[in-house]
Structures are given as C-alpha cells and as structure tokens.
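One structure is given below, encoded as structure tokens.
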Amino acid sequence: MGTKRPSCSIHSSKSSTSIMFACSGSGEMLPSYVVYKAKKLDPDWVQNGPDETVYNRYTSGWFDSFLSEDWFNKIVLPRFRRKEGVKVLNGNNLSSHISFNIIHKCIENNIFFHTPTSKQHSHMPAAGCCSVLSHENRLEEDSDKMET
C-alpha cells in the first residue's frame with residue numbers, strides 16, 4: 167500500500183500515539199502530554215523529549231476521561247494555581263476530555279471551563295494554535311531526518 171510520506175509511516179497514526187497540546191491566551195505553551203498505545207511505558211520513549219513533557223500509555227492510545235484528568239492535574243492545574251485573576255480553560259466538545267472531577271476542580275480553583283458547542287475552528291480557539299504546532303513539529307522531524 168502506498169503512502170504520501172513514507173518516512174513517517176511507522177508509528178505515526180492516531181492509532182499508536184496521541185498528544186495533547188495546550189497554550190495560554192498570551193501564547194505561552196504548556197508542556198505536551200503524550201499517550202502511547204501500549205500496556206507498559208517503555209523508558210526509551212521518554213528519553214530526550216521536550217522539557218516537562220508528561221508521558222503515559224493506554225491500550226487504545228487515545229485519551230479517555232482518566233488520562234484527561236491526569237493531563238489536567240499534572241499540566242493545567244499547577245499553572246492555573248500560580249496565576250492571579252480570571253482563569254478560563256477552553257476545551258473541545260469531546261466528552262472523553264472532560265469529567266466530573268475536572269469540572270469539580272475547576273469550581274474549587276475558580277476556573278471557568280468553556281466547551282464550544284461546535285467543532286468549527288471559529289468556535290475552538292486552540293485549533294489554530296495546534297495546527298501551527300503540528301506543522302512546526304513536522305518541519306522539525308524532517309530536519310532531524312535530513313541530518314542523519
């Protein structure tokens with residue numbers, strides 16, 4: 167079977183790895199949260215990754231409410247607790263990315279949680295940010311391959 171980018175065909179589909187990106191309204195990038203499709207997390211997978219990246223694994227490789235809570239507790243909540251004033255978390259409309267526990271912690275920490283009603287880019291502020299991240303990540307991967 168043919169592929170458009172053969173150099174990226176091994177372990178590059180959404181069925182093997184998922185990454186959660188987040189950024190603040192001011193453009194500050196929060197650490198990435200990487201989920202591998204596996205029963206155990208291989209120590210080699212976390213070597214030389216970006217600073218503060220959180221790694222996890224799940225048999226499906228997709229985010230569920232447990233992994234979303236882990237992402238919220240390890241990445242989002244610590245940063246929001248250090249911020250003064252109004253805090254807003256823009257989510258997406260995937261039910262697996264929100265849970266009662268996340269909503270409860272948002273209430274406890276005075277965080278307004280916004281879930282858009284539509285998947286249109288104009289309703290999802292993070293969509294524009296993440297498309298740029300994906301493009302930059304692909305350029306970095308291509309550059310690394312050219313050097314080897």
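In this note's numbering, the protein residues as written are 167 to 314. Don't be surprised by glycine CBs; every beta carbon is placed ideally from N, CA and C. Computed from a prediction, not measured in an experiment: that's the story for all the values here.
Checklist entry - Does the Cβ of M195 have 16 or more other Cβ atoms within 10 Å, making it buried, or fewer, making it exposed? => result Position 29 of the sequence shown, counted from the start, is the residue given in the question as residue 195. Classification of M195: exposed, given that the 10 Å Cβ count is below 16.
Item to check | CB-CB length for G201 against F229, believed under 8 Å | outcome: Looking up residue 201 in the sequence shown gives position 35. Looking up residue 229 in the sequence shown gives position 63. First, the residue type needs correcting, since residue 201 is Val and not Gly in the sequence shown. So it is a contact: roughly 6 Å between Cβ atoms.
Checklist entry - Does the beta-carbon of P197 have 16 or more other beta-carbons within 10 angstroms, so that it is buried, or is it exposed? => result Here residue 197 corresponds to residue number 31 of the sequence shown, with the count starting at 1. Taking all protein chains in view, the Cβ of P197 is crowded by 16 or more other Cβ atoms within 10 Å, so the residue is classified as buried.
Item to check | Straight-line gap, R247 to V220 (C-alpha atoms, nearest Å) | outcome: In the sequence shown, counting from the first residue as 1, residue 247 sits at position 81. In the sequence shown, counting from the first residue as 1, residue 220 sits at position 54. Per the coordinates, the alpha-carbon of R247 lies some 18 Å from the alpha-carbon of V220.
Item to check | Anticipated Cβ contact below 8 Å, L243 with N222, distance rounded | outcome: Residue mapping note: residue 243 aligns to position 77 of the sequence shown, counting from 1. Residue mapping note: residue 222 aligns to position 56 of the sequence shown, counting from 1. In fact, because the Cβ distance is near 16 Å, the residues do not count as touching under 8 Å.
Checklist entry - Is DSSP giving R223 helix, strand or coil here? => result The residue labelled residue 223 in the question sits at position 57 within the sequence shown. Strand at R223.
Checklist entry - Under three-state DSSP, which class holds S265? => result Stepping through the sequence shown from its first residue, residue 265 is reached at position 99. Correct three-state label for S265: coil.
Next on the checklist: Going by beta-carbon coordinates alone, are F266 and C272 separated by less than 8 Å?
Outcome noted: One-based indexing of the sequence shown puts residue 266 at position 100. One-based indexing of the sequence shown puts residue 272 at position 106. For the 8 Å CB-CB criterion, F266 and C272 do not form a contact.
Checklist entry - Three-state secondary structure (DSSP) at T183? => result Translated into the one-based positions of the sequence shown, residue 183 becomes position 17. Note: T183 maps to strand in three-state DSSP.
Checklist entry - Is the distance from the Cβ of T225 to the Cβ of K205 below 8 Å? => result On the sequence shown, residue 225 is found 59 positions in, with the first residue counted as 1. On the sequence shown, residue 205 is found 39 positions in, with the first residue counted as 1. Judged by beta-carbon spacing, K205 lies within the 8 Å limit of T225, meaning their Cβ atoms are closer than that value.
Checklist entry - For D217, which residues of its own chain have a beta-carbon under 8 Å away from its beta-carbon, when the five flanking residues on both sides are left out? => result By one-based count along the sequence shown, residue 217 stands at place 51. Annotation for D217: P197 place their beta carbon closer than 8 Å to its own, counting only its chain and skipping 5 residues before and after.
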